[in-house]
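Q: Top to bottom, those sequences are chains A and B. Residue 80 is where the first sequence starts when you use my numbering, and the numbers rise one by one after that. Residue 409 is where the second sequence starts when you use my numbering, and the numbers rise one by one after that. Mind looking over this structure? Questions follow.
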Amino acid sequence: MRYIEPHAHMVSRTTDDYRQMALSGCVAVSEPAFWAGFDRLSPDGFDAYFRQLTDFEPKRAAQYGIQHYTWLCLNPKEGEDRALGQKVLACIEKYLDRPNVVGIGEIGVNRVTQNELATFRDHVSFALERKQLILIHTPHLEDKYKGTRVLVDALLKFQGLDPGRVMMDHSEEHTIDMILQNGFRTGLTLYPETKVSIPRAADIIEMYGPERIYVNSACDWGHSNPLAVPQFIMEMRRRGHSESLIQRVVYENPREFLQQSPKFSLPPAEKQTAAVR
Amino acid sequence: MPRKPGRCPLTTQRIVDEYFIENRHKLLDIAAFLDRLDRSQDGEDPTHDFRMKAFAQALQVLMTPGPDRLKRIHMVFSDPSTEPREKTDRKAAWGAYNPSLEVL
Numbered sequence: 080m081r082y083i084e085p086h087a088h089m090v091s092r093t094t095d096d097y098r099q100m101a102l103s104g105c106v107a108v109s110e111p112a113f114w115a116g117f118d119r120l121s122p123d124g125f126d127a128y129f130r131q132l133t134d135f136e137p138k139r140a141a142q143y144g145i146q147h148y149t150w151l152c153l154n155p156k157e158g159e160d161r162a163l164g165q166k167v168l169a170c171i172e173k174y175l176d177r178p179n180v181v182g183i184g185e186i187g188v189n190r191v192t193q194n195e196l197a198t199f200r201d202h203v204s205f206a207l208e209r210k211q212l213i214l215i216h217t218p219h220l221e222d223k224y225k226g227t228r229v230l231v232d233a234l235l236k237f238q239g240l241d242p243g244r245v246m247m248d249h250s251e252e253h254t255i256d257m258i259l260q261n262g263f264r265t266g267l268t269l270y271p272e273t274k275v276s277i278p279r280a281a282d283i284i285e286m287y288g289p290e291r292i293y294v295n296s297a298c299d300w301g302h303s304n305p306l307a308v309p310q311f312i313m314e315m316r317r318r319g320h321s322e323s324l325i326q327r328v329v330y331e332n333p334r335e336f337l338q339q340s341p342k343f344s345l346p347p348a349e350k351q352t353a354a355v356r
Numbered sequence: 409m410p411r412k413p414g415r416c417p418l419t420t421q422r423i424v425d426e427y428f429i430e431n432r433h434k435l436l437d438i439a440a441f442l443d444r445l446d447r448s449q450d451g452e453d454p455t456h457d458f459r460m461k462a463f464a465q466a467l468q469v470l471m472t473p474g475p476d477r478l479k480r481i482h483m484v485f486s487d488p489s490t491e492p493r494e495k496t497d498r499k500a501a502w503g504a505y506n507p508s509l510e511v512l
């Protein structure tokens, strides 16, 4: 089955991962900007990262017939430094016209601090002024519930914000209600230990239906699985779910969200055969 | 038979057949973890750690009949407050909320 991987940090993955994803049916990835595992020391570090995301990474993906799209921002883990955030936003300006940039993300909060929230608001304003899609990281573990609550409240205060253009990612059972009830889209991140396991993601689809929900691996340099989405497909089939329901979650829903950016387009199905090398 | 909204399409028997072994495995892992704590070198009571205090509460919730066990366990581990912290304390989350760490 063809699928879209809507959240993957491919700069941290090997070329073998691209190959395995292509063999498993992946036709496109979208890659949010994120934390490198250490704080970057200056805006120049982000400039180099954004060049990698908009130049090198799409070429690497294309070798395997995978289209590569990306999101730019200062990640929530670095959001405490508001001055750096302003400099990074200025840097992002010159990359917005790159053909694979579909929006601003993944923005949000990490430990749910006042400065992180202010940096988040700066990014949302920047995105709205430039008519960009928004991809939001909701925080980890014990901070998930509080952080999601704070982010939803902050978003609802923005005049003219269309919740259908906002993806609130990494939701779990205790946060998905407040996201969907306010009209936002949400992603279930399939992680081996934190976030949502593959069976739990299938449970959530059964309980909430597929409307405005997609799944992703969020594979990065940590404990994660770049083939989590095809494994989710297997789990859904194991339970007897229809192919049309599965395809909606792994292909049509991410396409519906991403194609709100005029830069996102997929070739017809017959031309999507991965060119696996 | 028409499917009820929110239901898993498998019958109870099929769910047991499909998922019993992997969940038996997870349960044994938890038991082994608790036994390992009992065998610790210093023999300290693990519930002195706020994470293990929450873990013990979560096990109680697990054994309490009723719907939404998973959501209730999530909330055992979650920070229930709504006010942002004044400043950051660390990059990584702990896995469980500890009110006594709110010293900033």
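Idealized CB from N, CA, C, for every residue including glycine. None of these values were measured; they are calculated from a predicted model.
Tell me the DSSP secondary structure of Q146 (chain A) in three-state form.
A: Sequence index remark: in the first sequence, residue 146 (chain A) carries index 67 (1-based). Looking at Q146 (chain A) - three-state DSSP - the assignment turns out to be strand.
Q: With a cut-off of 8 Å, does the C-beta of D487 (chain B) fall near any C-beta of chain A?
A: As a working note, residue 487 (chain B) is residue 79 in the second sequence. It does; some Cβ of chain A falls within 8 Å.
Q: Classify Q449 (chain B): buried if its beta carbon has 16 or more other beta carbons within 10 angstroms, exposed otherwise.
A: Walking along the second sequence from the start, residue 449 (chain B) turns up at place 41. So Q449 (chain B) ends up on the exposed side.
Q: Among residues of its own chain, excluding the 5 on either side of G319 (chain A), which ones have a beta-carbon nearer than 7 Å to its beta-carbon?
A: Translated into the one-based positions of the first sequence, residue 319 (chain A) becomes position 240. Nothing meets the Cβ criterion.
Q: Do H86 (chain A) and P66 (chain A) come within 8 Å of each other at the CB atom, strictly closer than that value?
A: Because chain A here runs from 80 to 356, residue 66 (chain A) falls outside it and cannot be looked at.
Q: Quick check on D96 (chain A): does DSSP put it in helix, strand or coil?
A: The residue labelled residue 96 (chain A) in the question sits at position 17 within the first sequence. Of the three classes helix, strand and coil, the one that applies to D96 (chain A) here is helix, per DSSP.
Q: Could one say the Cβ of N189 (chain A) lies closer than 8 Å to chain B's Cβ atoms, at least one of them?
A: Working through the first sequence from its first residue, we reach residue 189 (chain A) at position 110. Closer than 8 Å to some Cβ of chain B, the Cβ of N189 (chain A) qualifies, so yes.
Q: State the Cα-Cα distance for the pair T254 (chain A) and C298 (chain A), rounded to the nearest angstrom.
A: As a first step, residue 254 (chain A) must be located in the first sequence, where it is residue number 175. As a first step, residue 298 (chain A) must be located in the first sequence, where it is residue number 219. Each residue's Cα considered, the two are about 21 Å apart.
Q: May I have the straight-line CA-CA distance separating Y82 (chain A) from I312 (chain A), to the nearest angstrom?
A: Here residue 82 (chain A) corresponds to residue number 3 of the first sequence, with the count starting at 1. Here residue 312 (chain A) corresponds to residue number 233 of the first sequence, with the count starting at 1. Answer to the nearest angstrom: the Cα atoms are 9 Å apart.
Q: Rounded to the nearest angstrom, how far is the Cβ of Q339 (chain A) from that of M80 (chain A), given a contact under 8 Å?
A: Here residue 339 (chain A) is taken as the residue at index 260 of the first sequence, counted from 1. Here residue 80 (chain A) is taken as the residue at index 1 of the first sequence, counted from 1. Not a contact, Cβ separation roughly 23 Å.
Q: With 16 other CB atoms within 10 Å as the buried threshold, where does P347 (chain A) fall?
A: For the purposes of this step, residue 347 (chain A) is identified with residue 268 of the first sequence, where counting begins at 1. With fewer than 16 Cβ atoms within 10 Å of its Cβ, P347 (chain A) is classed as exposed.
Q: Apart from the five residues just before and just after A504 (chain B), which ones in its own chain have a Cβ nearer than 7 Å to its Cβ?
A: Here residue 504 (chain B) refers to the residue found at position 96 of the second sequence. For A504 (chain B), where only same-chain residues beyond five positions count, the Cβ hits under 7 Å are F458, R459, A462, F485.
Q: Checking the sheet assignment: what are the DSSP bridge partners for A87 (chain A)?
A: Numbered from its first residue, the first sequence carries residue 87 (chain A) at position 8. According to DSSP, which records beta bridges pairwise, A87 (chain A) is partnered with A:C298.
Q: Using a Cβ cut-off of 8 Å, which residues of the stretch 192-207 of chain A contact any Cβ in chain B, in chain order?
A: Answer in chain order: T192, Q193, N194, E195, L196.
Q: Mind listing which residues of the stretch 206-240 of chain A have their C-beta closer than 9 Å to chain B's C-betas, in chain order?
A: Cβ contacts with chain B: P218, H219, L220, E221, D222, K223, Y224, K225, G226, R228, V229, D232.
Q: Following the continuous alpha helix (DSSP H) through A107 (chain A), name the residue where it begins and the one where it ends.
A: Counting from 1 along the first sequence, the entry for residue 107 (chain A) is found at position 28. Here A107 (chain A) belongs to no alpha helix (DSSP H); instead the beta strand (DSSP E) covers 105-110.
Q: May I ask you to list the residues that DSSP assigns as paired with I429 (chain B)?
A: Along the second sequence, read from residue 1 onward, the residue named residue 429 (chain B) stands at position 21. DSSP lists no partner for I429 (chain B).
Q: If you measure from the beta carbon of G474 (chain B) to each beta carbon in chain A, is any gap under 8 Å?
A: Residue mapping note: residue 474 (chain B) aligns to position 66 of the second sequence, counting from 1. No, G474 (chain B) lies away from the interface with chain A (no Cβ there is under 8 Å from its Cβ).
Q: Quick one: list the residues of chain B neighbouring G319 (chain A), beta-carbon separation under 8 Å, in chain order.
A: Residue 319 (chain A) sits at position 240 when you count from the first residue of the first sequence. Here the neighbours are P417, L418.
Q: Anything in chain B within Cβ reach of M286 (chain A), meaning under 7 Å, just list it in chain order.
A: Indexing the first sequence from 1 puts residue 286 (chain A) at position 207. Here the neighbours are G414.
Q: Measure the alpha-carbon distance for G262 (chain A) versus G451 (chain B) and round it to whole angstroms.
A: For this step, residue 262 (chain A) is matched to residue 183 along the first sequence. For this step, residue 451 (chain B) is matched to residue 43 along the second sequence. Looking at the two C-alpha atoms, the distance is approximately 51 Å.
Q: What does DSSP give as the partner residue(s) for I312 (chain A) in the beta ladder?
A: Counting from one through the first sequence, the residue named residue 312 (chain A) turns up at place 233. Paired residues: none, contrary to the question.
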